[in-house]
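**Q**
In the UniProt record's numbering, the protein residues as written are 1 to 723.
As structure tokens, then:
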């Protein structure tokens, strides 16, 4: 039996050598005999990239034949033993004990030989796998290599119950090396895409789903990560065939390593819409009906906000529907189409490719998922960097005002300062932490390399990508386009859409992740993916801060006489000017929505920001007042009520943001000394200047100088811990 094993071992050695030698000589293109004298290990290093997969396939085919031969040998002995163990009528005495012992010995030897032969096969294939640097393989080619090795490991499991640790370790080494290079190239590619992205809509159908993309077809097959794609093809042939082992399926003819690639191009994608519309006829009919609806009130015709956020595609739009849609008159036929760009689609496809690799090779699942998270990180960071940073200064004119005890010239606080000083915070602590983490771990802040020592070792910087730069084609400073609102919407909402796709993949990724690494995935989703929608606040705030002329309102309020002696029935002009600004803002939003759908959450954020800034500016204007009477305070209330009444006709947003903030401040003027002291302690949302102004304006009315000193001291006490 030992001699038999030696023959099989020699057969394995000769087979792999001849297969590899054949390809090396074929590619060398000369009759040089030096290759024949090489060791197998050295010979494997001469395989060209073009011949790597065909050679690997032929190698596995040849080794399959050797293992199949051994399998048949074992089968012959089993059949032969069965015949011998059934006594014939002529030989009732049965067989001698020596023969039984011999058969038992042979059986044990053959079974032991299974492991030895499979070990030889693994070692030969390992040498071949590690003999070539696969880091520059095309993605599809590398997937084929993984598929072939996965199929070979399946053969090993059926051959002798082996888990193929040798093969797993060698292919893992190559996979980690390959994937590191592949991912690095994809991140650079993503940076290039983002820097050339003009943030225009990629028109997809309203029922678009990532399952429609080629890269995610594997998920629909519900295959186990341990099963190779080629086995999937075999299992789809029918349950009867699936139940058979490979040695049963290919016992007579055929080979499990015949590549089934012809089915690859069968399916086609159908995800893009024509001009972004579900139907051109639908688009035409909707707008014809809309334009001819003369009986629809004018105020309904000029509204724009899209509240149609359902997932079902819009099939028909009736005349009555159009009449009833107060805030949904534009883009009806595109109401449920996702907002995404070509870059978003590329990232989604890339995630699908990464998951394919994970599906075939589970040992590198964590490495791959970590890289998947970096794709999302970089996209999020780019959107924030491009659209969430307020690099344009907001002018703030100087006005005389009370600050503390004396009248000194002080700058009027602009919208940016108003918002941040109010403690409302545009960026949540969670989002800020996420952005800082991405910048520290992924962004190369010194791509030129001038300060390499400052930013860490060169090896660490290899893992980083330079911060992307917004394309010069994207203009964010034009007031006519609401400071690039269309591009901001496409960018931000494409990120939100990308986050939704990641959410839908979480359970699948979780099944791939090793138990010890699951906390990483949970943290990625809870602290990064879930923050995508939070970027709306800082990004749309930049538009809101510039869309309304808050500075003009402050200047006009400064010119109003507030120490009047009679109750006024007419509000001040600054209210009309402010409302005119909001009407103009509403019209511009309508203009933008003709090009890009503005989802309801986006319009709500925009209106909330504008109204909040307006109300904060009102309080700031009232805090700049030097002298004010009871009648003047009543005029402030009249102005604010007029503003609210007209504003509520422009927006459906309820409740009106910061309404109480203004009303409470105006009414605080009437508080007694004790109540004022309690008010100061309880209302930290007002600035020190605003609180001090309340005290100063009330002096001589119902607060004396002694009380004034006491109240100002209370304000100082509040401010002291901050110093």
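The beta carbon of each residue, even a glycine, is placed where N, CA and C say it ideally should be.
Can you tell me the Cα-Cα spacing of residue 592 and residue 444, whole angstroms?
**A** Taking the first residue of the chain shown as 1, we reach residue 592 at position 592. Taking the first residue of the chain shown as 1, we reach residue 444 at position 444. Cα-Cα distance, rounded: 35 angstroms.
**Q** By the three-class DSSP mapping on this structure, what secondary structure does residue 233 have?
**A** Numbered from 1 along the chain shown, position 233 holds the residue referred to as residue 233. In this predicted model, residue 233 has a pLDDT of only 46, less than 50, meaning its place in the structure is not dependable enough to derive any value.
**Q** Determine the direct distance from the alpha carbon of residue 519 to that of residue 209, and round the result to whole angstroms.
**A** As a first step, residue 209 must be located in the chain shown, where it is residue number 209. As a first step, residue 519 must be located in the chain shown, where it is residue number 519. The straight-line gap from Cα to Cα measures roughly 28 angstroms.
**Q** Would you tell me roughly how many angstroms separate the C-alpha atoms of residue 21 and residue 43, rounded to the nearest one?
**A** Taking the chain shown and counting its residues from 1, the one referred to as residue 21 is at position 21. Taking the chain shown and counting its residues from 1, the one referred to as residue 43 is at position 43. Whole-angstrom Cα-Cα distance: 7 angstroms.
**Q** Quick one: any contact between the stretch 658-678 and the stretch 596-604, if contact means 3 or more CB pairs under 8 angstroms?
**A** Contact between the stretch 658-678 and the stretch 596-604 is absent, because fewer than three Cβ pairs lie under 8 angstroms.
**Q** Can you check whether the CB of residue 618 is closer than 8 angstroms to the CB of residue 585?
**A** The count along the chain shown starts at 1 and reaches residue 585 at position 585. The count along the chain shown starts at 1 and reaches residue 618 at position 618. The answer is no: Cβ separation not under 8 angstroms.
**Q** What separation, rounded to the nearest whole angstrom, lies between the Cα atoms of residue 621 and residue 558?
**A** Within the chain shown, numbered from 1, the residue matching residue 621 stands at position 621. Within the chain shown, numbered from 1, the residue matching residue 558 stands at position 558. In a straight line, the C-alpha of residue 621 is about 7 angstroms away from that of residue 558.
**Q** Indicate the three-state DSSP secondary structure (helix, strand or coil) for residue 312 in the structure shown.
**A** As a working mapping, residue 312 is identified with position 312 in the chain shown. Confidence at residue 312 is low in this model, with a pLDDT of 40, below 50, so its placement is unreliable and the value that follows should be read with caution. Of the three classes helix, strand and coil, the one that applies to residue 312 here is coil, per DSSP.
**Q** Evaluate residue 565 with the Cβ neighbour count: other Cβ atoms within 10 Å of its Cβ, from every protein chain shown; 16 or more gives buried, anything less gives exposed.
**A** Residue mapping note: residue 565 aligns to position 565 of the chain shown, counting from 1. So residue 565 ends up on the exposed side.
**Q** How would you label residue 222, buried or exposed, when you count the other beta carbons within 10 angstroms and need 16 or more for buried?
**A** For this step, residue 222 is matched to residue 222 along the chain shown. For residue 222, the predicted structure reports a pLDDT of 47, less than 50, and the residue's modelled location is therefore unreliable. A value from the coordinates is still provided. Result: exposed.
**Q** In angstroms, rounded to a whole number, what distance separates the CA positions of residue 509 and residue 186?
**A** By 1-based counting over the chain shown, the position of residue 509 is 509. By 1-based counting over the chain shown, the position of residue 186 is 186. Straight-line Cα distance between these residues: approximately 20 angstroms.
**Q** Express the C-alpha separation of residue 372 and residue 343 in angstroms, rounding to a whole number.
**A** Along the chain shown, read from residue 1 onward, the residue named residue 343 stands at position 343. Along the chain shown, read from residue 1 onward, the residue named residue 372 stands at position 372. If I take the Cα positions, the gap works out to 15 angstroms.
**Q** Which residues share a DSSP beta bridge with residue 466?
**A** Position 466 of the chain shown holds residue 466. For residue 466, which the question treats as bridged, DSSP gives the partners 444.
**Q** Along the chain, which unbroken stretches of the beta strand (DSSP E) at least 3 residues long are found entirely within the stretch 676-723?
**A** Segments of the beta strand (DSSP E) lying fully in the stretch 676-723: there are none.
**Q** Quick one: what's residue 204 bridged to in DSSP?
**A** Taking the chain shown and counting its residues from 1, the one referred to as residue 204 is at position 204. Paired residue(s): 272.
**Q** Measuring CA to CA, which of 436, 516, 652 and 718 is closest to residue 678?
**A** In the chain shown, residue 678 corresponds to position 678, counting from 1. Cα-wise, what sits closest to residue 678 is 718.
**Q** Looking at the unbroken alpha helix (DSSP H) that takes in residue 186, where does it start and where does it end?
**A** Within the chain shown, the letter at position 186 stands for residue 186. Residue 186 -> alpha helix (DSSP H) spans 165-196.
**Q** Where does residue 377 sit, in a helix, a strand or coil, going by DSSP?
**A** Here the question's residue 377 lines up with position 377 in the chain shown. Residue 377: helix per DSSP, three-state reduction.
**Q** Does any residue of chain B bring its CB to less than 8 angstroms from the CB of residue 126?
**A** This model lacks chain B altogether, as it is built from one protein chain only.
**Q** So what does DSSP say about residue 351, is it helix, strand or coil?
**A** For this step, residue 351 is matched to residue 351 along the chain shown. Helix, per DSSP.
**Q** In chain order, what residues of the same chain have a beta carbon less than 6 angstroms from the beta carbon of residue 377, not counting five sequence neighbours either side?
**A** What you label residue 377 is simply residue 377 of the chain shown in a count that begins at 1. Answer for residue 377: 438 and 442, listed in chain order.
**Q** So the candidates are 577, 116, 191 and 66; which of them puts its Cα closest to the Cα of residue 642?
**A** Taking the chain shown and counting its residues from 1, the one referred to as residue 642 is at position 642. Nearest C-alpha to residue 642: 577.
**Q** What's the C-alpha gap between residue 143 and residue 581?
**A** Start at 1 with the first residue of the chain shown, and residue 143 comes out as number 143. Start at 1 with the first residue of the chain shown, and residue 581 comes out as number 581. Going by the C-alpha atoms only, they are around 58 angstroms apart.
**Q** I'd like to check one pair, residue 59 with residue 139: are the Cβ atoms closer than 8 angstroms?
**A** By 1-based counting over the chain shown, the position of residue 139 is 139. By 1-based counting over the chain shown, the position of residue 59 is 59. Not a contact, by the Cβ cut-off of 8 angstroms.
**Q** Would DSSP call residue 337 helix, strand or coil?
**A** Along the chain shown, read from residue 1 onward, the residue named residue 337 stands at position 337. Three-state DSSP puts residue 337 in coil, outside helix and strand.
**Q** Could you say which of 710, 492 and 350 lies nearest to residue 388 if we only look at CA atoms?
**A** On the chain shown, residue 388 is found 388 positions in, with the first residue counted as 1. Closest by alpha carbon: 492.
**Q** Taking the C-alpha atoms as reference points, what is the distance between residue 11 and residue 116?
**A** Locating residue 11 in the chain shown gives position 11, where the first residue counts as 1. Locating residue 116 in the chain shown gives position 116, where the first residue counts as 1. Each residue's alpha carbon lies about 13 angstroms from the other.
**Q** Between the stretch 350-363 and the stretch 165-172, can you find at least three pairs of beta-carbon atoms closer than 8 angstroms?
**A** Verdict: yes, contact present.
**Q** Does DSSP classify residue 473 as helix, strand or coil?
**A** In the chain shown, residue 473 corresponds to position 473, counting from 1. Coil.
**Q** Under 8 angstroms between the Cβ atoms of residue 40 and residue 16?
**A** Here residue 40 is taken as the residue at index 40 of the chain shown, counted from 1. Here residue 16 is taken as the residue at index 16 of the chain shown, counted from 1. Against a cut-off of 8 angstroms, the Cβ pair of residue 16 and residue 40 comes out as a contact.
**Q** What would DSSP say about residue 609, mapped onto helix, strand or coil?
**A** In the chain shown, counting from the first residue as 1, residue 609 sits at position 609. Looking at residue 609 - three-state DSSP - the assignment turns out to be helix.
**Q** Is residue 624 near the ligand NAD, going by C-beta to nearest heavy atom under 7 angstroms?
**A** The model depicted lacks the ligand NAD and carries no ligand whatsoever.
**Q** Are there 16 or more other CB atoms within 10 angstroms of the CB of residue 197, so buried, or fewer, so exposed?
**A** Locating residue 197 in the chain shown gives position 197, where the first residue counts as 1. Buried: at least 16 other Cβ atoms inside 10 Å.
**Q** Relative to the C-alpha of residue 272, which residue among 218, 13 and 207 is closest?
**A** Numbered from 1 along the chain shown, position 272 holds the residue referred to as residue 272. Closest option to residue 272, Cα to Cα, is 207.
**Q** Going by the beta-carbon positions, is the gap between residue 153 and residue 130 smaller than 8 angstroms?
**A** As a working note, residue 153 is residue 153 in the chain shown. As a working note, residue 130 is residue 130 in the chain shown. Not a contact, by the Cβ cut-off of 8 angstroms.
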